[in-house]
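For the sequence shown, this note's numbering assigns the number 2 to the initial residue and increments by one for each residue that follows. Read the structure below first, then the notes.
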Amino acid sequence: MAFDILLAGGTALREALGELFARESAFTLREAATVQSALAEIDAASPDALLVSDDFGEEDAGALLRAARIAGFGGASLWLVKDEQRSKAGFDATIRRPLRFNDLLLTITKILEQLPLRPLRRALGEHSLCLGRQKLTAPNGASLLLTEKEIALLLRLSRAAGSVVARDVLLRDVWGYNGAVVTHTLETHIHRLRRKLEGMSGRTGLLVTDQGGYRLCLEHDCPSDEEASPLETRGSENHGAR
Numbered sequence: 002m003a004f005d006i007l008l009a010g011g012t013a014l015r016e017a018l019g020e021l022f023a024r025e026s027a028f029t030l031r032e033a034a035t036v037q038s039a040l041a042e043i044d045a046a047s048p049d050a051l052l053v054s055d056d057f058g059e060e061d062a063g064a065l066l067r068a069a070r071i072a073g074f075g076g077a078s079l080w081l082v083k084d085e086q087r088s089k090a091g092f093d094a095t096i097r098r099p100l101r102f103n104d105l106l107l108t109i110t111k112i113l114e115q116l117p118l119r120p121l122r123r124a125l126g127e128h129s130l131c132l133g134r135q136k137l138t139a140p141n142g143a144s145l146l147l148t149e150k151e152i153a154l155l156l157r158l159s160r161a162a163g164s165v166v167a168r169d170v171l172l173r174d175v176w177g178y179n180g181a182v183v184t185h186t187l188e189t190h191i192h193r194l195r196r197k198l199e200g201m202s203g204r205t206g207l208l209v210t211d212q213g214g215y216r217l218c219l220e221h222d223c224p225s226d227e228e229a230s231p232l233e234t235r236g237s238e239n240h241g242a243r
């Protein structure tokens with residue numbers, strides 16, 4: 002089941018996030034450029050989450066959220082701000098811009114998980130990832146708890162559909178080009194995650210080191226080395242949104 006996300010904000014942010022959400026089968030993105038159009042979308046589609054950028058300003062953003070609640074909106078609400086010192090203005094959470102897409106998805110799903118009758122799960126092959134509880138469950142019923150970084154790594158690797166994701170791409174998308182993060186840190190996280198996955202499922206080869214990067218193989222039809230698509234490199238995708 003795809004979750005409907007309504008993004009109300011400026012053109013640049015809507016275009017950037019639109020490209021990223023288009024790759025996420027678990028989410029459907031709707032867009033609004035004004036308070037009036039956002040309220041019309043809420044009335045027509047009853048979205049699961051409302052994202053409002055500070056392009057609207059605190060007063061307009063707060064007014065939009067209040068009007069949405071009055072209209073019956075009961076989903077997650079996030080305010081995307083450039084100044085982290087700004088108040089939450091009644092929103093469930095604030096996300097600082099420029100933002101990391103994985104962090105945004107994680108925040109949305111955690112809030113959705115806490116809402117009544119809205120448990121959010123992602124299918125990773127035959128495994129089930131409960132994002133709100135940070136728990137991965139294998140087909141045999143075994144489960145394990147994951148850290149936020151481990152979930153971010155799983156989500157990023159799963160988007161590649163069994164293809165290799167380069168180390169520098171993972172460093173960029175999960176750590177956000179943090180200069181303090183070195184390749185050894187990534188390798189340590191991958192090693193721990195691999196041990197967790199193999200210990201839970203009793204299978205090896207679920208998280209493979211290959212061609213200067215890593216690929217996730219949780220599905221029985223995961224591509225072989227010869228079938229896998231080319232390595233995802235630093236310039237292959239734009240995952241930042243301002």
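We put the CB at the ideal spot given by N, CA and C, even for glycine.
CB of residue i within 7 Å of CB of residue j, strictly
i, j, result
"ASP4", "ASP44", "The sequence given here has Phe at residue 4, not Asp. Against a cut-off of 7 Å, the Cβ pair of ASP44 and PHE4 comes out as no contact."
"GLU60", "LEU7", "no"
"ASP55", "VAL36", "no"
"VAL175", "GLY214", "no"
"ALA39", "ALA9", "yes"
"ALA62", "ALA90", "yes"
"LEU194", "LEU207", "no"
"PHE102", "LEU21", "yes"
"SER202", "ALA139", "yes"
"LEU217", "LEU158", "yes"
Where residue i sits in the DSSP three-state scheme
i, result
"LYS89", "coil"
"LYS83", "coil"
"ASP222", "Low per-residue confidence applies at ASP222: pLDDT is 46, beneath 50, and the placement is therefore not dependable enough to give any value."
"THR138", "strand"
"GLU238", "Unreliable placement is indicated for GLU238, whose pLDDT of 42 sits below 50; the coordinate value is still reported in the next sentence. Coil, per DSSP."
"ALA143", "coil"
"SER230", "Here the model assigns SER230 a pLDDT of 45, short of 50, so the residue's position is not dependable, and the following value carries that caveat. Coil."
Element boundaries [beta strand (DSSP E), containing residue i]
i, result
"ALA254", "Examination of residue 254 is not possible in this model, given that the chain is present from 2 through 243 alone."
"LEU116", "From DSSP, LEU116 is part of no beta strand (DSSP E); its letter is neither H nor E."
"ARG97", "94–97"
"SER47", "SER47 -> no beta strand (DSSP E), and no H or E assigned at all."
"SER129", "128–131"
"GLU32", "28–33"
N-terminal and C-terminal residue of the alpha helix (DSSP H) that residue i is part of
i, result
"ASP5", "From DSSP, ASP5 is part of no alpha helix (DSSP H) but of the beta strand (DSSP E) over 4–9."
"SER54", "Looking at the DSSP string, SER54 is not in any alpha helix (DSSP H); the run it does join, the beta strand (DSSP E), is 50–54."
"THR12", "12–22"
Neighbour flag for residue i against chain C, beta carbons, 7 Å
i, result
"LYS136", "Looking for chain C here will not work: only one protein chain is present."
* **Every unbroken alpha helix (DSSP H) inside the stretch 155–214 [4 residues or more]** => Runs found: 168–176 and 184–202.
* Asked: Okay, do the stretch 102–114 and the stretch 148–168 touch, 3+ Cβ pairs below 8 Å being the bar?
  -> Yes, they touch.
* To do: Report yes or no: do three or more beta-carbon pairs, one from the stretch 125–137 and one from the stretch 62–72, lie closer than 8 Å?
  => For the pair of segments examined, the stretch 125–137 was found not to touch the stretch 62–72: the number of CB pairs separated by less than 8 Å stays below three.
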